[in-house]
Amino acid sequence: MKFKLIISNVCSFTAVILVLLLAGCTSTVTQSVHLKYGNPSNANGSQNNYLIVKPEYALSYSCKAGIPNWVSWQLDRSWLGRTERSDNFRPNPELPTDCYAVRPSDYRGSGFDRGHLVPSGDRTRSRIDNESTFFMTNIIPQSPSNNREVWRELEEYSRELAYRGKELFVVAGSDGIAKKIADSQVVVPKFTWKVILILDNPGEEATAQNTRTIAVWMPNSEAIRNTDWQEYIVSVDRVEKNTGYNFFSNLPKGLQKKIEAASYR
Ligand code: MN
Numbered sequence: 001m002k003f004k005l006i007i008s009n010v011c012s013f014t015a016v017i018l019v020l021l022l023a024g025c026t027s028t029v030t031q032s033v034h035l036k037y038g039n040p041s042n043a044n045g046s047q048n049n050y051l052i053v054k055p056e057y058a059l060s061y062s063c064k065a066g067i068p069n070w071v072s073w074q075l076d077r078s079w080l081g082r083t084e085r086s087d088n089f090r091p092n093p094e095l096p097t098d099c100y101a102v103r104p105s106d107y108r109g110s111g112f113d114r115g116h117l118v119p120s121g122d123r124t125r126s127r128i129d130n131e132s133t134f135f136m137t138n139i140i141p142q143s144p145s146n147n148r149e150v151w152r153e154l155e156e157y158s159r160e161l162a163y164r165g166k167e168l169f170v171v172a173g174s175d176g177i178a179k180k181i182a183d184s185q186v187v188v189p190k191f192t193w194k195v196i197l198i199l200d201n202p203g204e205e206a207t208a209q210n211t212r213t214i215a216v217w218m219p220n221s222e223a224i225r226n227t228d229w230q231e232y233i234v235s236v237d238r239v240e241k242n243t244g245y246n247f248f249s250n251l252p253k254g255l256q257k258k259i260e261a262a263s264y265r
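Residue 222 in our numbering sits at position 222 of the sequence shown; the count goes up by one each step and never skips.
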């Protein structure tokens, strides 16, 4: 009797440990709020689709291109505080050893800005959050007119929505090869793009009624000087077609179809 009890206790104890182990192994990816609506390229551990999940955002990195394929992050009012821009650009030590870790100086003299995908301004709750946006794995060579004008204006509009109480899920990236810098280790993309899912209230489940999307596709050149971000509005469908990624894949197909076909007005 006593022996049986010990055995059954040992068994249930083992079962509990196994469940905990299993949860621990899958938690990094599935529990990240930044991948709540999906992993656009099914990023994993491979060299050119290398998944990095941080508390502040998640990204897929291409070792070959020396830039991220995409970066994905949740934005609501809770991320926004008073921390000053840290300007602490630095190589990311989380890359595999056979992957070149781009240095801030690699952009020097190129004529292109060290352009953030997750903006410094979206992570101002703490110094640690803000510094996280300055890893070179969150940076692409961006034309000054793109980075400082059109791209920045959409960033500011997004923060305005967050301040107004909305919850945003943003994915940003680039496309094409205009040229290469840093001894050909860093691609200068031809285009930058962004897709944003906007929920009326933080924590809400997405429905056709409470969900809108914004998508843009912009030349990464000085040709866009003195233009407005609204001129580059496209549908999420368009960005999916151009990049081959699937955004918001965790939503039901019918809902994806509906919100991804619309162009923001
Ligand atoms: Mn989709």
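Even for Gly, the Cβ is constructed at its ideal location relative to N, Cα and C.
Exposed or buried, what is residue i when buried is set at 16 or more other beta-carbons lying within 10 Å of its beta-carbon?
i, result
"R159", "buried"
"E205", "exposed"
"S143", "buried"
"T137", "buried"
"A215", "buried"
"S27", "The predicted position of S27 is uncertain, since its pLDDT is 46 and thus under 50; a value taken from the coordinates is nonetheless stated next. Counting Cβ neighbours within 10 Å, S27 comes out exposed, since fewer than 16 surround it."
"P93", "exposed"
"A58", "buried"
"C25", "In this predicted model, C25 has a pLDDT of only 46, less than 50, meaning its place in the structure is not dependable; the value taken from the coordinates is given anyway. Exposed."
"T97", "exposed"
"S105", "exposed"
"E167", "buried"
Taking 6 Å as the line, does the beta carbon of residue i fall inside it for any heavy atom of the ligand MN?
i, result
"N69", "no"
"Q256", "yes"
"N246", "yes"
Grab the span of the beta strand (DSSP E) containing residue i for me, first residue to last.
i, result
"T243", "Here T243 belongs to no beta strand (DSSP E); instead the alpha helix (DSSP H) covers V236 to T243."
"I52", "N49 to V53"
"G115", "D113 to H116"
"N130", "Premise fails: N130 lies in the alpha helix (DSSP H), R127 to S132, not in any beta strand (DSSP E)."
"N69", "I67 to L75"
"Q142", "I139 to Q142"
"I224", "First-last for I224: undefined, no H or E at that position."
"K179", "K179 to I181"
What span of residues does the alpha helix (DSSP H) with residue i cover, start to end?
i, result
"R152", "W151 to Y163"
"L255", "K253 to A261"
Could you pull the DSSP bridge partners for residue i from this structure?
i, result
"T192", "S174 and M218"
"A58", "V53 and S72"
"T83", "According to DSSP, which records beta bridges pairwise, T83 is partnered with nothing at all."
"G38", "The partner list for G38 (beta bridge, DSSP) is empty, contrary to what the question assumes."
Assuming residue i contacts residue j (C-beta within less than 8 Å), just tell me the rounded distance between them.
i, j, result
"V150", "Y232", "7 Å"
"A162", "R82", "Rounded, the Cβ-Cβ distance is 15 Å, inconsistent with contact."
Is residue i near the ligand SAM, in the sense that its beta carbon is under 6 Å from a heavy atom of that ligand?
i, result
"N220", "Absence of the ligand SAM from the depicted structure is noted, with the ligand MN being the only ligands included."
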